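Asker:
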Amino acid sequence: MKLSGNTVFITGGTSGIGRGLAEAFHKRGNRVIVAGRRQALLDEIARQNPGIDTVELDIGDAAQIRAVAAQLIERYPALNVVINNAGIMPFDDAGGPLDDEQAVRLVDTNLLGPVRVSAAFVEHLKRQPEACIVNNSSVLAYVPLAATALYSATKAAIHSYTLSQRFVLHNTSVRVLEIAPPWVDTDLVHKSGDPRAMPLDAFIAETMTLLESATTEIVVEAAKPMRDNAGPNEHAFVDQFNQFVADNPIPGA
Ligand SMILES: NC(=O)c1ccc[n+]([C@@H]2O[C@H](COP(=O)([O-])OP(=O)(O)OC[C@H]3O[C@@H](n4cnc5c(N)ncnc54)[C@H](OP(=O)(O)O)[C@@H]3O)[C@@H](O)[C@H]2O)c1
Numbered sequence: 206m207k208l209s210g211n212t213v214f215i216t217g218g219t220s221g222i223g224r225g226l227a228e229a230f231h232k233r234g235n236r237v238i239v240a241g242r243r244q245a246l247l248d249e250i251a252r253q254n255p256g257i258d259t260v261e262l263d264i265g266d267a268a269q270i271r272a273v274a275a276q277l278i279e280r281y282p283a284l285n286v287v288i289n290n291a292g293i294m295p296f297d298d299a300g301g302p303l304d305d306e307q308a309v310r311l312v313d314t315n316l317l318g319p320v321r322v323s324a325a326f327v328e329h330l331k332r333q334p335e336a337c338i339v340n341n342s343s344v345l346a347y348v349p350l351a352a353t354a355l356y357s358a359t360k361a362a363i364h365s366y367t368l369s370q371r372f373v374l375h376n377t378s379v380r381v382l383e384i385a386p387p388w389v390d391t392d393l394v395h396k397s398g399d400p401r402a403m404p405l406d407a408f409i410a411e412t413m414t415l416l417e418s419a420t421t422e423i424v425v426e427a428a429k430p431m432r433d434n435a436g437p438n439e440h441a442f443v444d445q446f447n448q449f450v451a452d453n454p455i456p457g458a
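Its first residue numbered 206, the sequence shown is counted upward by one per residue in my numbering.
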């Protein structure tokens, strides 16, 4: 995708990867609209990045998504990039009782959220000469972390949905990209400086470089071994990975 001259709407832009991408696009000469629930952070971003616009949005709320999309399409007729980034990563126990409320919130946020946001913008995007939907999945779409089983499953679902979206939109002006990050040091779980996590700045820099020529996926170097795992022989890698994490726990988990 071209990296300047776009009007970019990004969900979950109040922190971490979303904020990093929003600021990177802003610096490269794009109009950027950041969404999130935490108004204080939205205000801080607008203050620190003159020109970035913000909108309060809970992507777990279907009616709010439709209302915000209609409002933004009217205010920004040239809006041509939608980045589905917002997400949560609660821990769970696939071998024990289910926290039903948490499970529903997770699916609403990580799966139905991006699906609803895409649907709310897609007809508008098709009318743009060049448009893009970018879905943020995870390497855990390819190698599930057993301690976040449903999170990993929502990300596998987003990967699958992205493949379908890309196919059905291939004769339109809308390209569909997937970013599959490795572990990046953000507050998603607990920002800790753990050396196994990729520093946010390095992740954003490599991602922006890859975005320029990407036609399908953005997989930074550090994420490649996990992305490449999927296939008939994936089981041993998945077991090894989960045993390693069990033996070397993630801080804050
Ligand atoms: N960090 C990693 O290791 C990693 C790896 C792979 C994939 N990812 C994916 O990257 C994305 C961003 O995560 P991050 O690491 O940057 O974590 P983060 O700093 O916690 O950011 C998550 C963002 O999602 C927003 N969000 C959460 N629930 C929301 C809701 N109901 N409505 C609207 N916004 C909501 C949060 O904003 P508010 O709280 O203000 O609403 C926040 O801006 C997620 O989809 C995550 O799954 C992260």
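Glycine included, every Cβ here is placed at the ideal spot set by N, Cα and C.
Given the structure is predicted, the values throughout are model-derived calculations rather than measurements.
1. Specify the secondary structure class of T259 as computed by DSSP and reduced to three states.
2. Quick check: the Cα distance between D399 and P454, rounded to an integer number of angstroms?
3. Per DSSP, T391 is paired with what?
4. Indicate, with yes or no, if ligand 1 has a heavy atom lying under 8 Å from the CB of Y366.
5. Within 10 Å of its beta-carbon, does A240 have 16 or more other beta-carbons around it, so buried, or fewer, so exposed?
6. Can you look up G241 in the DSSP assignment and give me helix, strand or coil?
7. In the DSSP output, which residue or residues are listed as bridge partners for T212?
8. I'd like the ranges of any beta strand (DSSP E) spanning at least 3 consecutive residues and lying wholly in the region 368-437.
9. For P282, count the other beta carbons within 10 Å of its own beta carbon; 16 or more makes it buried, fewer makes it exposed. Which is it?
10. What does the alpha-carbon distance come out to for the pair V425 and D433?
11. Is the beta carbon of N315 less than 9 Å from the beta carbon of Y347?
12. By Cβ distance, which residues of its chain are closer than 6 Å to R380, with the 5 residues on each side in sequence left out?
13. Could you tell me the distance, in whole angstroms, from the CA atom of A299 to the CA atom of P349?
14. Could you tell me the distance, in whole angstroms, from the CA atom of M431 to the CA atom of Q244?
15. Please go through the same chain and pick out, in chain order, the residues whose beta-carbon is closer than 6 Å to the beta-carbon of V286, but skip the five residues on each side of it.
16. Use the C-beta contact count for P386: other C-beta atoms within 10 angstroms, 16 or more gives buried, fewer gives exposed.
17. Which residue from D390, P255, F408, V339 puts its Cα closest to that of R236?
18. Between the region 360-372 and the region 402-409, do three or more beta carbon pairs fall short of 8 Å?
19. Is N290 closer than 9 Å to A351 when the C-beta atoms are compared?
20. Could you name the residues that DSSP lists as bridge partners for I293?
21. Alpha carbon to alpha carbon, how far is D304 from R280? Give it in angstroms, no decimals.
22. Report the partner residues of I338 according to the DSSP bridge assignment.
23. In this structure, does DSSP put D266 in helix, strand or coil?
24. Can you list, in chain order, the residues of its chain whose CB lies under 7 Å from that of S343, leaving out five sequence neighbours each side?
25. Assuming G318 and G265 make a contact with CB atoms under 8 Å, what is their CB distance in whole Å?
26. Ends of the alpha helix (DSSP H) at A441?
Answerer: On the basis of the supplied data:
1. strand
2. 11 Å
3. Partner(s): none; T391 has no beta bridge.
4. no
5. buried
6. strand
7. R236
8. 379-384
9. exposed
10. 12 Å
11. no
12. C337
13. 12 Å
14. 35 Å
15. N211, V213, C337
16. buried
17. P255
18. no
19. no
20. The partner list for I293 (beta bridge, DSSP) is empty, contrary to what the question assumes.
21. 40 Å
22. V287, V381
23. coil
24. K360, A385, P386
25. 6 Å
26. 439-452
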